[in-house]
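Contents: one structure, followed by commentary.
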Amino acid sequence: MKILGIDSSGLVASVAIVEDDRLVAEYNLQYKITHSQTLLPMLEEIRNRIHLDMQTIDAIAVAAGPGSFTGLRIGAATVKGLGLALGKPIIPVPTLEGMAYNCYGTDLLVCPIMDARRNQVYTGLYIFEKEDRIRMKSVMEQTAVGFDELAAKLNVLGREVLFLGDGVPVFAEAMKELLRIPYYFAPAHMNRQRAASVAALGKEKFEQGIFEDAADHAPEYLRLSQAERERQEKA
Amino acid sequence: MENSGLACRERKLNYTKGMVVVMEKDVFILAVESSCDETAAAVVKNGREILSNVIYSQIDLHTLYGGVVPEIASRKHIEKINQVIQAALDQAGVTLQDITAIAVTYGPGLVGALLVGVSAAKAISFATGIPLVGVHHIEGHISANYIENLELEPPFICLVVSGGHSHLVKVKDYGEYEILGRTRDDAAGEAFDKVARAIGLGYPGGPKIDKVSKEGNPDAIHFPRAKVVGSEYDFSFSGLKSAVLNYLNGCEMKHIPVNQADVAASFQKAVVDVLVEHSIHGVKESGLSKFAIAGGVASNSSLRNALREACEKEGISFYYPSPVYCTDNAAMIGVAGYYEYQKGVRHGYDLNAVPNLKLGERV
Chain A
320 MKILGIDSSG LVASVAIVED DRLVAEYNLQ YKITHSQTLL PMLEEIRNRI
370 HLDMQTIDAI AVAAGPGSFT GLRIGAATVK GLGLALGKPI IPVPTLEGMA
420 YNCYGTDLLV CPIMDARRNQ VYTGLYIFEK EDRIRMKSVM EQTAVGFDEL
470 AAKLNVLGRE VLFLGDGVPV FAEAMKELLR IPYYFAPAHM NRQRAASVAA
520 LGKEKFEQGI FEDAADHAPE YLRLSQAERE RQEKA
Chain B
1226 MENSGLACRE RKLNYTKGMV VVMEKDVFIL AVESSCDETA AAVVKNGREI
1276 LSNVIYSQID LHTLYGGVVP EIASRKHIEK INQVIQAALD QAGVTLQDIT
1326 AIAVTYGPGL VGALLVGVSA AKAISFATGI PLVGVHHIEG HISANYIENL
1376 ELEPPFICLV VSGGHSHLVK VKDYGEYEIL GRTRDDAAGE AFDKVARAIG
1426 LGYPGGPKID KVSKEGNPDA IHFPRAKVVG SEYDFSFSGL KSAVLNYLNG
1476 CEMKHIPVNQ ADVAASFQKA VVDVLVEHSI HGVKESGLSK FAIAGGVASN
1526 SSLRNALREA CEKEGISFYY PSPVYCTDNA AMIGVAGYYE YQKGVRHGYD
1576 LNAVPNLKLG ERV
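Order-wise, the sequence lines are chains A and B.
Everything in the first sequence is counted per the working numbering, starting at 320 for the first residue and increasing by one.
Everything in the second sequence is counted per the working numbering, starting at 1226 for the first residue and increasing by one.
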């Protein structure tokens, strides 16, 4: 089974091809160029390097939010266009799950945090359980919360935590101040969004029947637009 | 669907003297437009024949907020883009295999909204190998005139008036434009929206003012006709808008009841007078005898009538698109895209949305 993975939810642009249990190609960029100008040229480079016939792809996995609204939409519109043209389904992979999957197999409580501005983080809590094989389970589904609220929850859970994500540098001081549990940071190769993880986790979801028609796919923003929020507050 | 697609791909055979067979293929453009609050796709055959023109309008969503909310528009585009493109292909009776090139609006417009169409169009182009042609939104509006006026060809003068744009343009050739005049402040459509809000008509202002003006006296109140010193073709509508607001304040302070229809009609006449005067002056100075209008405000009945009358008087041929081609649509992008495609314009997979793309500019 061949899965194309795409993540443009944050500062990283990432594209990968996973075939069964093999990562055939992955291309990651964390550089100040808009995803609109990098994502497809990166996929084109992969296609050229591995002589990829796009029709041989079984499904397209995408980091489906939360994240930068514009970044998410560039990814969503791209996979929707690919899905329409190729007649292939979309596997929506919650962004935080995809990130946590970078740390597959750890005994630590995995806590990806993305800076969501307004003093909030997009976060979720994940563990890896040993069954017939190691499976990722969510202790807390992805959500947008204040960092202080997250810290309080982690203190109650009392487990050792592995942090990753672009929220780490932003909330490093707050961690020192608020956390009363041991915590660690993931290293460079696993501390940001990676399409290989999105594709590998996407493959699991696809096998569980979690996918949708490209026409129906839309990102999960976890937040209303500012105009809608202000209108609700007034009401 | 597959069969009807192939039928549309009918080929014409031309024989030349040396018995060399030249295959001239029909050109089918799939066009995508998402620059503001309309998600649109169309299929255009050989530049001027519209096989489908699908528009999903979000206007009801934005009416709640009194104007287009960019984030809401972008979210809606994502939800609708595939359905709209598929409907355009289906209604045209073609499949992607029949498409010669994909044209997409890449500016000007709302960046988040533009990115949806641009990203989807690029992805379809990438997956199929169909060439990609980026199109300027306003060049699309101008090109809408080619759809129902098969005899119209450049050069001609075009007045582009919409919610975001007011330009007097010389169309020198297909894809070649010279801006004669532009607004210095508000676009014409923007002035309509602001005045409509001030007199309690709500959004969108253009059609509402047009309608209520029919009940009013256009000479009831004299509002100023602004001229821009040193730039005879430029427009300025913010002074006019302020004059209307001042008039309304004055009425309130003096406890004089405001006649909504009279204000609307008088304001509209002030806008129309300026647009007509600049346009006719521009056509006469250019030495050309053809004049066209384009953009959302080009649907305004008072503007159309005044221009028709003025053109008749001056012996100028007057062209205008049907209202469905005046509003934001993809058919016009397909027409402009066709001429760009024929000129050899192709864009790469790194094509970006350019929210402030200038008319005639190429990226």
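Here a beta-carbon is modelled for each residue, glycine too, at the ideal position from N, C-alpha and C.
Cβ proximity to chain B below 8 Å picks out L401, G402, L403, A404, L405 from the segment 401–420 of chain A. Interface criterion met: the Cβ of F1351 (chain B) is under 8 Å from a Cβ in chain A. Close to chain A, meaning a Cβ-Cβ distance shorter than 7 Å, is no residue of the segment 1499–1512 of chain B at all. For S1463 (chain B), the closest C-alpha among the options B:I1424, B:N1471, B:A1416, B:P1432 is that of B:A1416.
Residues of chain A whose Cβ lies closer than 8 Å to the Cβ of G1337 (chain B) are, in chain order, F388, T389, R392.
Of all C-beta pairs linking the segment 1506–1522 of chain B to the segment 1463–1478 of chain B, fewer than three are shorter than 8 Å, placing the two stretches out of contact.
Chain-order list of chain A residues neighbouring E1376 (chain B): empty, with the shortest C-beta distance near 37 Å, by a criterion of under 7 Å. According to the DSSP secondary-structure assignment, Y1402 (chain B) is paired through a beta bridge with B:V1396. Listed along chain B, the residues sitting closer than 8 Å to T353 (chain A) by beta-carbon distance are N1577. Nearest Cα to Q374 (chain A) within the set A:L323, A:R499, A:K495: A:L323. Using a CB distance below 8 Å, the part of the segment 1308–1321 of chain B facing chain A consists of Q1308, I1310, Q1311, L1321, ordered along the chain. Taken in chain order, the complete beta strand (DSSP E) segments of 3 or more residues contained in the segment 1238–1321 of chain B are 1246–1249, 1253–1258, 1263–1270, 1274–1282. A straight line joining the alpha-carbon of V489 (chain A) with that of G390 (chain A) spans about 20 Å. Rounded to whole angstroms, the Cβ separation of K1347 (chain B) and L1335 (chain B) is 18 Å, and the two are not in contact under 8 Å. Non-local C-beta neighbours of V1252 (chain B) in its own chain, meaning closer than 6 Å and more than five positions away in sequence, comprise N1271, T1325, ordered along the chain. The C-beta of L1375 (chain B) has fewer than 16 other C-beta atoms within 10 Å across all chains shown, which makes the residue exposed. Proximity of L359 (chain A) to chain B, defined by a Cβ-Cβ separation below 8 Å, is satisfied. Judged by DSSP in its simplified three-state form, P431 (chain A) adopts strand. Closer than 8 Å to the CB of Q512 (chain A) there is not a single CB belonging to chain B. DSSP places E1510 (chain B) in the helix class (H, G or I) of the three-state scheme. Apart from the 5 residues on each side of it in sequence, E1539 (chain B) sits with its Cβ closer than 8 Å to the Cβ of I1505, V1508, K1509 in its chain, given in chain order. Against chain B, the beta carbon of M373 (chain A) has neighbours under 7 Å at A1352, listed in chain order. Ranked by Cα distance from E1378 (chain B), the options B:V1343, B:A1369, B:V1386 are led by B:A1369. Among the residues of the segment 1532–1546 of chain B, none has a Cβ less than 9 Å away from any Cβ of chain A.
Shown here for Y540 (chain A): same chain residues with a beta carbon closer than 8 Å to its own, the five before and five after excluded, namely G384, P385, F388, L391 in chain order. Taking C-beta separations shorter than 6 Å and ignoring five residues to either side along the sequence, the partners of P1546 (chain B) in its chain run A1369, N1370, following chain order.
The DSSP assignment places no complete run of the beta strand (DSSP E) inside the segment 1447–1515 of chain B (cut-off: 3 residues).
Y350 (chain A) counts as exposed, since fewer than 16 other C-beta atoms from the protein chains shown sit within 10 angstroms of its C-beta. The beta carbon of K553 (chain A) does not come within 8 Å of any beta carbon belonging to chain B, so the residue lies off that interface. The Cβ atoms of Y1574 (chain B) and F1351 (chain B) sit closer than 8 Å to each other. Between I1254 (chain B) and G1559 (chain B) a beta carbon distance of about 4 Å is seen, short of the 8 Å cut, so the two are scored as contacting. DSSP places G384 (chain A) in no alpha helix (DSSP H); its state is neither H nor E. DSSP places T442 (chain A) within a strand segment (E or B) once states are collapsed to three. The C-beta of E523 (chain A) comes no closer than 8 Å to any C-beta of chain B.
Residue burial annotation: Y503 (chain A) is exposed, with fewer than 16 other C-beta atoms found within 10 angstroms of its C-beta. Scanning the segment 471–537 of chain A for uninterrupted alpha helix (DSSP H) segments of 4 residues or longer gives 486–497, 514–526, listed from N- to C-terminal end.
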